[in-house]
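Asks: Numbering (our numbering), first residue to last: 975 to 1174.
First the structure, then my questions, so here it is.
Okay, structure coming up:
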């Protein structure tokens, strides 16, 4: 089965879809309806121009709230797994997100690449893990990235944290004329700001 929703809030296209939406009562702009339990797998799926394969989604929709109890997919030659929910005002709470072996090339600048994070009222990250991943844009790149982030909330272009932690290392980081080899960053985030424990 194929699933397409070009006119909805989430531009969705999926092929080789199996599973169920209970009950399924689609409405204009809401392909999944207003309230339903979801368990779907798809051979390929594109969401808001981001392609993935071997997708598994389990969760629920309750009007403007979305609960994703299980998300798994192969994307950018790597893998994504996570647990997240969207609350009624459009904010997202990411309880756990893991990205492994990602290999991604983008035509966007670094600020443009992260711009979608500022389009939601807030993004609360409980735990984010990135392992052995490489990302590249027009004037920036990071190779063999390992990153661990805990307890950080982004609101537009601001952030806040209670007992947040950031650990990151890579074999190479390039941003414009800045070129770092084997950079290491360890930081603690709090309402007072960011305390660097190790850099570079």
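All residues carry an ideal CB built from backbone N, CA and C; glycine is no exception.
Report, in whole angstroms, the separation of the C-beta atoms of residue 1147 and residue 1140, which I expect to be a contact under 8 Å.
Replies: Locating residue 1147 in the chain shown gives position 173, where the first residue counts as 1. Locating residue 1140 in the chain shown gives position 166, where the first residue counts as 1. The Cβ separation is near 14 Å, so there is no contact.
Asks: For residue 997 and residue 1048, I'd like the C-alpha separation in whole angstroms.
Replies: Numbered from its first residue, the chain shown carries residue 997 at position 23. Numbered from its first residue, the chain shown carries residue 1048 at position 74. Roughly 28 Å between the two C-alpha positions.
Asks: Do three or more CB pairs link the stretch 993 to 1009 to the stretch 1017 to 1025 at distances below 8 Å?
Replies: Because the criterion of three Cβ pairs below 8 Å is not met, the stretch 993 to 1009 and the stretch 1017 to 1025 do not touch.
Asks: How would you call residue 1108, buried or exposed, if buried means at least 16 neighbouring beta carbons within 10 angstroms?
Replies: Residue mapping note: residue 1108 aligns to position 134 of the chain shown, counting from 1. Classification for residue 1108: buried.
Asks: Does the pairing of the stretch 1090 to 1102 with the stretch 1110 to 1117 give three or more beta-carbon distances under 8 Å?
Replies: Touching, no, given that fewer than three Cβ pairs across the two stretches are closer than 8 Å.
Asks: Closest to residue 1133 by CA distance: which of 1165, 1150, 985 and 1023 is it?
Replies: Against the chain shown, residue 1133 aligns to sequence position 159. Checking every option, the nearest Cα to that of residue 1133 belongs to 1165.
Asks: Suppose you measure from the CA of residue 1131 to the CA of residue 1092; what does that come to, to the nearest Å?
Replies: On the chain shown, residue 1131 is found 157 positions in, with the first residue counted as 1. On the chain shown, residue 1092 is found 118 positions in, with the first residue counted as 1. Cα to Cα, residue 1131 sits roughly 6 Å from residue 1092.
Asks: Throw me the rounded Cβ distance for the residue 1035 and residue 1010 pair, which I believe falls under 8 Å.
Replies: Along the chain shown, read from residue 1 onward, the residue named residue 1035 stands at position 61. Along the chain shown, read from residue 1 onward, the residue named residue 1010 stands at position 36. So it is a contact: roughly 5 Å between Cβ atoms.
Asks: Might you give, ordered along the chain, the residues of its own chain that have their beta carbon closer than 6 Å to the beta carbon of residue 1055, omitting 5 neighbours on each side?
Replies: As a position in the chain shown, residue 1055 is number 81, starting the count at 1. For residue 1055, where only same-chain residues beyond five positions count, the Cβ hits under 6 Å are 1046 and 1072.
Asks: Of the residues 1118, 1143 and 1151, which one's Cα is nearest the Cα of residue 1076?
Replies: In the chain shown, the residue the question calls residue 1076 occupies position 102. That would be 1118, whose Cα lies nearest to the Cα of residue 1076.
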